[in-house]
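The structure appears right after this line, and notes come after that.
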(Lines of atoms letter the chains of each structure in order from A; the text may use other names.)
(Lines give C-alpha, C1' and ligand atoms only; values in the text may rest on other atoms or scores of the structure.)
Protein backbone atom coordinates (compact mmCIF):
# COMPACT_ATOMS: atom_id res chain seq x y z
CA UNK A 7 0.00 0.00 0.00
CA UNK A 8 1.31 3.43 -0.90
CA UNK A 9 1.94 6.22 1.55
CA UNK A 10 -0.93 8.63 0.98
CA UNK A 11 -3.58 5.93 0.53
CA UNK A 12 -6.04 5.13 3.23
CA UNK A 13 -5.89 1.49 4.15
CA UNK A 14 -9.24 0.78 2.55
CA UNK A 15 -9.03 1.29 -1.18
CA UNK A 16 -12.61 2.30 -2.05
CA UNK A 17 -12.53 5.11 0.50
CA UNK A 18 -9.05 6.28 -0.43
CA UNK A 19 -9.41 7.10 -4.09
CA UNK A 20 -12.14 9.62 -3.52
CA UNK A 21 -11.88 10.66 0.06
CA UNK A 22 -8.23 11.52 -0.07
CA UNK A 23 -8.51 12.74 -3.63
CA UNK A 24 -5.46 10.90 -4.86
CA UNK A 25 -4.72 8.69 -7.79
CA UNK A 26 -3.19 5.27 -7.11
CA UNK A 27 0.58 5.55 -7.25
CA UNK A 28 0.76 9.20 -6.20
CA UNK A 29 1.80 10.44 -2.80
CA UNK A 30 -0.24 13.45 -1.79
CA UNK A 31 -0.02 14.79 1.63
CA UNK A 32 1.79 17.88 2.81
CA UNK A 33 4.61 16.14 4.61
CA UNK A 34 8.15 17.39 4.74
CA UNK A 35 9.35 14.40 6.73
CA UNK A 36 8.69 10.68 6.95
CA UNK A 37 8.06 9.44 10.47
CA UNK A 38 10.72 7.35 12.12
CA UNK A 39 8.52 4.32 12.25
CA UNK A 40 7.73 4.45 8.52
CA UNK A 41 9.19 1.53 6.64
CA UNK A 42 9.86 2.83 3.14
CA UNK A 43 8.34 4.78 0.31
CA UNK A 44 6.99 2.35 -2.29
CA UNK A 45 8.99 2.25 -5.46
CA UNK A 46 6.07 3.33 -7.56
CA UNK A 47 5.34 6.41 -5.51
CA UNK A 48 6.05 9.83 -6.95
CA UNK A 49 7.60 12.67 -4.99
CA UNK A 50 6.25 14.03 -1.76
CA UNK A 51 5.11 17.64 -2.30
CA UNK A 52 7.42 20.09 -0.61
CA UNK A 53 4.58 21.90 1.11
CA UNK A 54 3.40 18.83 2.97
CA UNK A 55 3.33 18.78 6.76
CA UNK A 56 4.79 15.96 8.74
CA UNK A 57 3.02 12.61 8.94
CA UNK A 58 2.02 11.87 12.53
CA UNK A 59 3.99 8.96 13.94
CA UNK A 60 0.88 6.99 14.71
CA UNK A 61 -0.86 7.66 11.39
CA UNK A 62 -1.54 4.74 9.11
CA UNK A 63 -1.90 6.94 6.03
CA UNK A 64 -2.11 10.51 4.77
CA UNK A 65 -5.68 11.23 3.78
CA UNK A 66 -4.65 13.77 1.17
CA UNK A 67 -7.42 16.36 1.01
CA UNK A 68 -9.22 14.64 3.80
CA UNK A 69 -7.80 16.06 7.04
CA UNK A 70 -5.75 13.91 9.33
CA UNK A 71 -7.51 11.53 11.64
CA UNK A 72 -7.39 12.72 15.27
CA UNK A 73 -5.19 10.57 17.42
CA UNK A 74 -8.08 9.76 19.70
CA UNK A 75 -10.54 8.92 16.96
CA UNK A 76 -12.00 5.47 16.63
CA UNK A 77 -10.31 3.15 14.19
CA UNK A 78 -11.51 3.07 10.61
CA UNK A 79 -12.67 -0.35 9.48
CA UNK A 80 -10.45 -1.83 6.85
CA UNK A 81 -13.34 -2.69 4.61
CA UNK A 82 -14.97 0.70 4.65
CA UNK A 83 -15.99 1.78 1.14
CA UNK A 84 -15.73 5.24 -0.32
CA UNK A 85 -17.87 8.08 0.89
CA UNK A 86 -19.74 8.57 -2.33
CA UNK A 87 -21.33 11.80 -2.84
CA UNK A 88 -24.08 13.78 -3.40
CA UNK A 89 -26.83 13.77 -2.13
CA UNK A 90 -29.75 13.85 -4.25
CA UNK A 91 -30.86 16.42 -1.81
CA UNK A 92 -33.81 18.26 -3.24
CA UNK A 93 -35.17 16.38 -6.28
CA UNK A 94 -34.18 17.99 -9.53
CA UNK A 95 -37.47 17.76 -11.23
CA UNK A 96 -38.75 21.29 -10.99
CA UNK A 97 -39.38 22.59 -14.52
CA UNK A 98 -38.12 25.89 -15.81
CA UNK A 99 -40.43 28.88 -15.93
CA UNK A 100 -42.10 28.95 -19.37
CA UNK A 101 -41.53 32.03 -21.49
CA UNK A 102 -45.27 32.50 -21.70
CA UNK A 103 -45.82 32.25 -17.97
CA UNK A 104 -48.26 34.98 -16.94
CA UNK A 105 -46.79 37.95 -15.16
CA UNK A 106 -47.83 38.90 -11.65
CA UNK A 107 -50.53 41.61 -11.90
CA UNK A 108 -49.38 45.09 -11.00
CA UNK A 109 -52.03 45.28 -8.31
CA UNK A 110 -51.00 42.02 -6.67
CA UNK A 111 -50.18 42.46 -2.98
CA UNK A 112 -46.47 42.95 -2.38
CA UNK A 113 -44.41 40.65 -0.22
CA UNK A 114 -42.60 42.57 2.52
CA UNK A 115 -38.83 42.61 2.10
CA UNK A 116 -38.30 40.87 5.41
CA UNK A 117 -40.98 38.25 4.88
CA UNK A 118 -39.98 34.62 5.18
CA UNK A 119 -43.31 33.39 3.87
CA UNK A 120 -45.88 34.40 1.31
CA UNK A 121 -48.35 36.91 2.82
CA UNK A 122 -51.76 35.58 3.75
CA UNK A 123 -53.49 37.58 1.06
CA UNK A 124 -51.22 36.34 -1.72
CA UNK A 125 -52.76 33.89 -4.20
CA UNK A 126 -52.63 30.38 -2.81
CA UNK A 127 -50.87 27.46 -4.44
CA UNK A 128 -53.08 24.39 -4.96
CA UNK A 129 -52.63 21.64 -2.38
CA UNK A 130 -52.22 18.96 -5.00
CA UNK A 131 -48.92 20.20 -6.37
CA UNK A 132 -46.69 17.10 -6.58
CA UNK A 133 -44.45 16.84 -3.54
CA UNK A 134 -41.21 16.52 -5.51
CA UNK A 135 -41.88 19.74 -7.38
CA UNK A 136 -42.77 21.39 -4.11
CA UNK A 137 -39.29 20.69 -2.76
CA UNK A 138 -37.38 22.53 -5.47
CA UNK A 139 -36.81 26.25 -4.88
CA UNK A 140 -36.60 28.77 -7.69
CA UNK A 141 -33.36 30.58 -6.94
CA UNK A 142 -32.94 34.11 -8.33
CA UNK A 143 -29.85 34.54 -10.52
CA UNK A 144 -28.40 37.17 -8.18
CA UNK A 145 -29.27 35.39 -4.93
CA UNK A 146 -26.86 35.80 -2.01
CA UNK A 147 -26.40 33.85 1.19
CA UNK A 148 -25.13 34.68 4.65
CA UNK A 149 -21.40 34.02 4.79
CA UNK A 150 -21.49 32.60 8.30
CA UNK A 151 -23.24 29.27 8.60
CA UNK A 152 -25.37 28.13 11.53
CA UNK A 153 -24.91 24.58 12.79
CA UNK A 154 -28.23 22.74 12.54
CA UNK A 155 -27.01 19.18 13.21
CA UNK A 156 -23.98 17.86 15.06
CA UNK A 157 -21.19 20.26 15.87
CA UNK A 158 -20.31 18.60 19.19
CA UNK A 159 -17.26 16.72 18.00
CA UNK A 160 -17.31 13.24 16.54
CA UNK A 161 -19.24 10.59 18.44
CA UNK A 162 -22.34 8.42 18.46
CA UNK A 163 -24.58 10.36 20.84
CA UNK A 164 -27.75 11.68 19.23
CA UNK A 165 -26.38 15.23 19.32
CA UNK A 166 -23.26 14.11 17.44
CA UNK A 167 -22.24 12.89 14.01
CA UNK A 168 -19.19 10.91 12.87
CA UNK A 169 -18.15 11.75 9.35
CA UNK A 170 -21.57 12.67 7.92
CA UNK A 171 -21.78 12.39 4.15
CA UNK A 172 -25.05 12.82 2.23
CA UNK A 173 -28.22 14.58 3.34
CA UNK A 174 -31.77 15.25 2.24
CA UNK A 175 -33.85 18.25 3.32
CA UNK A 176 -37.56 17.51 3.35
CA UNK A 177 -40.17 20.18 2.67
CA UNK A 178 -41.22 20.08 6.34
CA UNK A 179 -37.69 21.19 7.31
CA UNK A 180 -36.59 17.75 8.42
CA UNK A 181 -32.93 17.03 7.67
CA UNK A 182 -32.02 13.39 7.07
CA UNK A 183 -28.30 12.58 7.25
CA UNK A 184 -26.17 9.59 6.26
CA UNK A 185 -23.96 9.25 9.35
CA UNK A 186 -21.17 7.21 7.80
CA UNK A 187 -19.02 5.91 10.65
CA UNK A 188 -21.99 5.58 13.00
CA UNK A 189 -23.62 3.19 10.50
CA UNK A 190 -26.95 4.94 10.78
CA UNK A 191 -29.37 7.43 9.28
CA UNK A 192 -30.30 10.19 11.67
CA UNK A 193 -32.90 12.92 11.23
CA UNK A 194 -33.03 16.36 12.81
CA UNK A 195 -36.08 18.57 13.01
CA UNK A 196 -35.25 22.22 12.53
CA UNK A 197 -34.36 23.78 15.87
CA UNK A 198 -33.81 20.47 17.69
CA UNK A 199 -30.69 20.06 19.82
CA UNK A 200 -30.38 16.38 19.05
CA UNK A 201 -31.40 14.00 16.31
CA UNK A 202 -33.43 10.81 16.09
CA UNK A 203 -32.05 7.59 14.64
CA UNK A 204 -34.37 6.37 11.86
CA UNK A 205 -32.32 3.51 10.34
CA UNK A 206 -29.40 1.37 11.42
CA UNK A 207 -27.36 2.16 14.55
CA UNK A 208 -26.89 -1.53 15.28
CA UNK A 209 -23.23 -1.66 14.34
CA UNK A 210 -21.86 -2.35 10.87
CA UNK A 211 -23.21 -5.50 9.29
CA UNK A 212 -25.34 -7.19 6.65
CA UNK A 213 -28.44 -7.92 8.71
CA UNK A 214 -31.57 -6.10 7.62
CA UNK A 215 -31.51 -4.08 10.84
CA UNK A 216 -27.98 -2.89 10.09
CA UNK A 217 -26.17 -0.56 7.71
CA UNK A 218 -22.49 -0.51 6.84
CA UNK A 219 -21.06 2.92 6.07
CA UNK A 220 -24.15 4.56 4.51
CA UNK A 221 -23.31 7.37 2.12
CA UNK A 222 -26.53 8.87 0.78
CA UNK A 223 -30.23 8.96 1.55
CA UNK A 224 -33.48 10.36 0.19
CA UNK A 225 -37.12 10.40 1.24
CA UNK A 226 -39.66 8.72 -1.06
CA UNK A 227 -42.93 10.46 -0.22
CA UNK A 228 -45.03 7.98 -2.19
CA UNK A 229 -44.06 5.05 0.04
CA UNK A 230 -43.18 7.19 3.09
CA UNK A 231 -39.79 5.56 3.24
CA UNK A 232 -36.07 6.22 3.22
CA UNK A 233 -33.93 4.92 0.36
CA UNK A 234 -30.32 4.48 1.41
CA UNK A 235 -26.98 3.83 -0.29
CA UNK A 236 -25.35 1.08 1.79
CA UNK A 237 -22.01 0.51 -0.01
CA UNK A 238 -20.39 -1.46 2.80
CA UNK A 239 -22.99 -4.15 2.12
CA UNK A 240 -23.01 -3.51 -1.65
CA UNK A 241 -26.71 -2.74 -1.72
CA UNK A 242 -29.41 -0.09 -1.78
CA UNK A 243 -32.05 -0.54 0.92
CA UNK A 244 -35.43 0.92 1.84
CA UNK A 245 -36.61 1.62 5.39
CA UNK A 246 -40.17 2.61 6.18
CA UNK A 247 -40.56 5.86 8.11
CA UNK A 248 -43.52 4.49 10.00
CA UNK A 249 -43.22 4.20 13.75
CA UNK A 250 -41.94 0.86 14.97
CA UNK A 251 -39.82 0.03 11.91
CA UNK A 252 -36.78 -1.99 13.00
CA UNK A 253 -35.31 -3.18 9.70
CA UNK A 254 -35.15 -2.41 6.02
CA UNK A 255 -35.56 -4.33 2.77
CA UNK A 256 -33.09 -4.75 -0.08
CA UNK A 257 -34.05 -2.95 -3.30
CA UNK A 258 -30.85 -3.53 -5.29
CA UNK A 259 -27.83 -5.66 -4.42
CA UNK A 260 -24.45 -6.52 -5.96
CA UNK A 261 -23.81 -2.83 -6.59
CA UNK A 262 -21.20 -0.38 -5.34
CA UNK A 263 -23.48 2.61 -4.78
CA UNK A 264 -22.19 6.10 -4.33
CA UNK A 265 -25.03 8.64 -4.64
CA UNK A 266 -28.70 8.46 -5.51
CA UNK A 267 -31.59 10.58 -6.74
CA UNK A 268 -35.24 10.10 -7.70
CA UNK A 269 -37.18 11.79 -10.49
CA UNK A 270 -40.84 12.78 -10.41
CA UNK A 271 -41.85 9.47 -12.01
CA UNK A 272 -40.19 7.66 -9.09
CA UNK A 273 -37.34 6.24 -11.14
CA UNK A 274 -34.30 5.73 -8.95
CA UNK A 275 -30.86 6.82 -10.20
CA UNK A 276 -27.73 5.37 -8.61
CA UNK A 277 -24.06 6.05 -9.29
CA UNK A 278 -21.68 3.10 -9.09
CA UNK A 279 -18.18 4.19 -8.14
CA UNK A 280 -16.48 0.97 -9.27
CA UNK A 281 -18.21 0.65 -12.63
CA UNK A 282 -17.96 4.42 -13.19
CA UNK A 283 -21.56 4.67 -14.31
CA UNK A 284 -25.07 5.82 -13.39
CA UNK A 285 -28.14 3.61 -13.89
CA UNK A 286 -31.88 4.30 -13.72
CA UNK A 287 -34.10 1.78 -11.93
CA UNK A 288 -37.86 1.50 -11.73
CA UNK A 289 -38.71 0.57 -8.14
CA UNK A 290 -38.53 -3.23 -7.98
CA UNK A 291 -36.06 -3.59 -10.88
CA UNK A 292 -32.59 -4.85 -9.95
CA UNK A 293 -30.83 -4.39 -13.30
CA UNK A 294 -31.57 -0.86 -14.41
CA UNK A 295 -30.77 1.06 -17.58
CA UNK A 296 -27.44 2.77 -18.20
CA UNK A 297 -27.85 6.57 -18.37
CA UNK A 298 -24.29 7.90 -17.89
CA UNK A 299 -20.78 6.49 -18.21
CA UNK A 300 -20.39 2.73 -18.34
CA UNK A 301 -17.44 2.83 -20.73
CA UNK A 302 -14.73 2.21 -18.20
CA UNK A 303 -12.81 4.69 -16.08
CA UNK A 304 -11.56 7.68 -18.05
CA UNK A 305 -11.94 11.34 -18.94
CA UNK A 306 -13.67 10.95 -22.32
CA UNK A 307 -17.09 12.51 -22.76
CA UNK A 308 -18.59 9.02 -22.69
CA UNK A 309 -16.75 8.12 -19.48
CA UNK A 310 -16.69 8.91 -15.79
CA UNK A 311 -13.99 8.53 -13.16
CA UNK A 312 -15.42 7.86 -9.72
CA UNK A 313 -18.93 9.37 -9.97
CA UNK A 314 -20.28 10.53 -6.63
CA UNK A 315 -23.30 12.80 -6.21
CA UNK A 316 -25.98 12.96 -8.90
CA UNK A 317 -28.93 15.19 -9.70
CA UNK A 318 -31.87 14.57 -12.05
CA UNK A 319 -34.22 17.21 -13.44
CA UNK A 320 -37.78 16.88 -14.75
CA UNK A 321 -36.59 16.04 -18.26
CA UNK A 322 -34.61 13.12 -16.78
CA UNK A 323 -31.36 14.90 -17.55
CA UNK A 324 -28.66 13.47 -15.28
CA UNK A 325 -25.96 15.66 -13.74
CA UNK A 326 -22.96 13.88 -12.21
CA UNK A 327 -20.14 15.02 -9.93
CA UNK A 328 -17.31 13.33 -11.82
CA UNK A 329 -15.02 13.39 -8.82
CA UNK A 330 -11.64 12.28 -10.12
CA UNK A 331 -12.08 14.18 -13.37
CA UNK A 332 -12.74 17.37 -11.38
CA UNK A 333 -15.82 18.25 -13.37
CA UNK A 334 -19.61 18.13 -13.44
CA UNK A 335 -21.12 16.28 -16.39
CA UNK A 336 -24.58 16.61 -17.93
CA UNK A 337 -26.13 13.65 -19.74
CA UNK A 338 -29.35 14.30 -21.60
CA UNK A 339 -31.90 11.48 -21.66
CA UNK A 340 -30.79 8.84 -24.14
CA UNK A 341 -27.41 10.48 -24.82
CA UNK A 342 -24.35 8.33 -25.52
CA UNK A 343 -21.97 10.92 -24.14
CA UNK A 344 -22.12 13.81 -21.74
CA UNK A 345 -21.28 17.51 -21.77
CA UNK A 346 -18.96 19.24 -19.32
CA UNK A 347 -20.99 21.92 -17.52
CA UNK A 348 -18.61 22.88 -14.69
CA UNK A 349 -14.88 22.43 -14.25
CA UNK A 350 -13.14 20.05 -16.61
CA UNK A 351 -10.20 22.44 -16.95
CA UNK A 352 -7.79 20.61 -14.73
CA UNK A 353 -7.33 20.25 -11.02
CA UNK A 354 -6.97 23.37 -8.90
CA UNK A 355 -8.60 26.25 -7.07
CA UNK A 356 -9.00 29.03 -9.70
CA UNK A 357 -12.63 29.85 -10.47
CA UNK A 358 -12.31 27.98 -13.76
CA UNK A 359 -11.50 24.72 -11.97
CA UNK A 360 -12.92 22.26 -9.48
CA UNK A 361 -11.11 20.05 -6.98
CA UNK A 362 -12.96 16.84 -6.16
CA UNK A 363 -16.59 17.98 -6.67
CA UNK A 364 -19.15 16.45 -4.33
CA UNK A 365 -22.65 17.65 -3.40
CA UNK A 366 -24.65 18.81 -6.41
CA UNK A 367 -27.83 20.76 -7.11
CA UNK A 368 -29.20 22.29 -10.31
CA UNK A 369 -31.90 24.95 -10.13
CA UNK A 370 -34.73 25.56 -12.58
CA UNK A 371 -32.60 27.91 -14.71
CA UNK A 372 -29.83 25.33 -15.14
CA UNK A 373 -27.45 26.98 -12.68
CA UNK A 374 -25.22 24.43 -10.95
CA UNK A 375 -24.32 24.49 -7.26
CA UNK A 376 -21.46 22.20 -6.29
CA UNK A 377 -19.50 21.54 -3.10
CA UNK A 378 -15.75 21.15 -3.55
CA UNK A 379 -14.14 18.70 -1.18
CA UNK A 380 -10.61 19.84 -2.00
CA UNK A 381 -11.23 23.61 -2.07
CA UNK A 382 -13.52 23.77 1.00
CA UNK A 383 -16.13 25.90 -0.74
CA UNK A 384 -19.48 25.86 -2.56
CA UNK A 385 -19.52 27.20 -6.12
CA UNK A 386 -22.26 28.49 -8.41
CA UNK A 387 -21.88 27.94 -12.17
CA UNK A 388 -24.54 29.64 -14.35
CA UNK A 389 -25.67 27.73 -17.40
CA UNK A 390 -23.03 27.98 -20.13
CA UNK A 391 -20.47 29.71 -17.89
CA UNK A 392 -16.74 28.99 -18.20
CA UNK A 393 -16.11 29.75 -14.56
CA UNK A 394 -18.01 29.81 -11.31
CA UNK A 395 -18.31 32.06 -8.28
CA UNK A 396 -17.86 31.16 -4.63
CA UNK A 397 -21.13 31.54 -2.71
CA UNK A 398 -20.03 30.23 0.71
CA UNK A 399 -16.75 28.99 2.15
CA UNK A 400 -13.52 29.44 0.25
CA UNK A 401 -11.83 30.78 3.37
CA UNK A 402 -9.40 27.93 3.81
CA UNK A 403 -9.90 24.70 5.67
CA UNK A 404 -11.14 25.24 9.22
CA UNK A 405 -13.97 25.04 11.71
CA UNK A 406 -15.07 28.67 11.66
CA UNK A 407 -18.64 29.63 10.79
CA UNK A 408 -17.41 30.79 7.36
CA UNK A 409 -15.24 27.73 6.75
CA UNK A 410 -15.50 24.05 5.82
CA UNK A 411 -13.28 21.08 6.42
CA UNK A 412 -14.10 18.96 3.37
CA UNK A 413 -17.73 19.70 2.41
CA UNK A 414 -19.80 16.80 1.09
CA UNK A 415 -23.53 16.71 0.33
CA UNK A 416 -25.58 19.87 -0.13
CA UNK A 417 -29.24 20.73 -0.42
CA UNK A 418 -31.68 23.65 -0.41
CA UNK A 419 -34.99 24.13 1.37
CA UNK A 420 -38.03 25.72 -0.24
CA UNK A 421 -36.94 29.20 0.95
CA UNK A 422 -33.61 28.79 -0.84
CA UNK A 423 -31.55 28.35 2.32
CA UNK A 424 -28.45 26.25 1.69
CA UNK A 425 -27.46 23.20 3.76
CA UNK A 426 -23.97 21.73 3.53
CA UNK A 427 -22.50 18.63 5.17
CA UNK A 428 -19.18 19.64 6.76
CA UNK A 429 -17.58 16.21 6.84
CA UNK A 430 -14.54 16.55 9.06
CA UNK A 431 -16.18 19.10 11.35
CA UNK A 432 -18.92 16.52 11.98
CA UNK A 433 -21.75 18.98 11.43
CA UNK A 434 -24.33 20.29 8.98
CA UNK A 435 -24.29 24.05 8.30
CA UNK A 436 -27.18 26.20 7.10
CA UNK A 437 -26.53 29.39 5.14
CA UNK A 438 -29.61 31.60 4.99
CA UNK A 439 -30.58 33.22 1.72
CA UNK A 440 -30.77 37.00 1.99
CA UNK A 441 -34.33 38.06 2.79
CA UNK A 442 -34.95 40.11 -0.35
CA UNK A 443 -33.73 37.17 -2.45
CA UNK A 444 -36.11 34.84 -0.56
CA UNK A 445 -38.97 37.12 -1.55
CA UNK A 446 -37.98 36.92 -5.22
CA UNK A 447 -37.59 33.14 -4.97
CA UNK A 448 -41.09 32.75 -3.55
CA UNK A 449 -42.60 34.89 -6.28
CA UNK A 450 -40.86 32.77 -8.92
CA UNK A 451 -41.94 29.52 -7.29
CA UNK A 452 -45.56 30.65 -6.90
CA UNK A 453 -45.66 31.78 -10.51
CA UNK A 454 -44.20 28.49 -11.70
CA UNK A 455 -46.58 26.32 -9.70
CA UNK A 456 -49.65 28.24 -10.82
CA UNK A 457 -48.56 27.74 -14.42
CA UNK A 458 -47.92 24.02 -13.89
CA UNK A 459 -51.34 23.48 -12.37
CA UNK A 460 -53.11 25.73 -14.95
CA UNK A 461 -54.30 27.78 -12.05
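Residue numbers (our numbering): 7 to 461.
C-beta atoms are modelled at their ideal positions from N, C-alpha and C, and glycine is treated no differently.
Note that the structure is predicted; figures quoted are calculated from it, not measured.
- Judged by beta-carbon spacing, residue 163 lies beyond the 8 Å limit of residue 438, meaning their Cβ atoms are not closer than that value.
- A distance of 8 Å or more separates the beta carbons of residue 310 and residue 289.
- A straight-line Cα-Cα distance of about 12 Å links residue 234 and residue 171.
- Scanning the stretch 324–402 from its first residue to its last, the whole beta strand (DSSP E) runs of 3-plus residues come out as 324–328, 333–337, 345–349, 363–368, 374–378, 383–387 and 395–399.
- Annotated as proximal: residue 218 and residue 211, with beta-carbon spacing under 8 Å.
- Between residue 220 and residue 189, the gap from beta carbon to beta carbon is short of 8 Å.
- Within a 10 Å sphere around the beta-carbon of residue 296 sit fewer than 16 other beta-carbons, which makes this residue exposed.
- Below 8 Å, too few C-beta pairs join the stretch 372–392 and the stretch 339–346 to call them touching: fewer than three.
- Under the DSSP assignment, residue 410 falls outside any beta strand (DSSP E); it carries neither an H nor an E label.
- Under the DSSP definition of a beta bridge, residue 246 partners with 231.
- In this structure, the beta-carbon distance from residue 371 to residue 143 falls below 8 Å.
- Distance from residue 393 to residue 424 at the Cβ level is roughly 20 Å; contact not present, criterion being Cβ atoms closer than 8 Å.
- In chain order, 311 and 331 place their CB closer than 7 Å to the CB of residue 305, counting only its own chain and leaving out the 5 sequence neighbours on each side.
- Residue 302 counts as exposed, since fewer than 16 other beta carbons sit within 10 angstroms of its beta carbon.
- In summary, residue 327 is buried, with 16 or more beta-carbon neighbours lying within 10 Å of its beta-carbon over all protein chains present.
- Its chain contains 240, 241, 242, 276 and 278 as the residues whose beta carbon lies nearer than 8 Å to that of residue 261, once the 5 sequence neighbours on both sides are disregarded; these appear in chain order.
- Counted as a single uninterrupted DSSP element, the stretch harbouring residue 237 is not any beta strand (DSSP E), since DSSP gives it neither H nor E.
- A check of alpha carbon separations from residue 196 across 232, 436 and 244 identifies 436 as the nearest.
- The beta carbons of residue 422 and residue 145 sit closer together than 8 Å.
- Residue burial annotation: residue 365 is buried, with at least 16 other C-beta atoms found within 10 angstroms of its C-beta.
- Non-local beta-carbon contacts of residue 228 in its own chain, meaning distances under 8 Å to residues more than five positions away in sequence, involve 272 in chain order.
- At the C-beta level, residue 184 and residue 223 come within 8 Å of one another.
- Around the beta carbon of residue 336, 16 or more other beta carbons sit within 10 angstroms, so the residue counts as buried.
- Approximately 5 Å separates the beta-carbon atoms of residue 314 and residue 264; this is inside 8 Å, confirming the contact.
- Contact between residue 395 and residue 383 fails: their C-beta atoms lie close to 10 Å from each other, not under 8 Å.
- For residue 435, the enclosing beta strand (DSSP E) has its first and last residue at 433–437.
- Counted as a single uninterrupted DSSP element, the stretch harbouring residue 405 is not any beta strand (DSSP E), since DSSP gives it neither H nor E.
- At the C-beta level, residue 432 and residue 245 stay beyond 8 Å of one another.
- Membership of residue 205 in the beta strand (DSSP E) is indicated by the continuous run 202–206.
- DSSP places residue 279 outside both helix and strand once states are collapsed to three, so it counts as coil.
- If you draw a straight line from the Cα of residue 286 to the Cα of residue 292, it is about 10 Å long.
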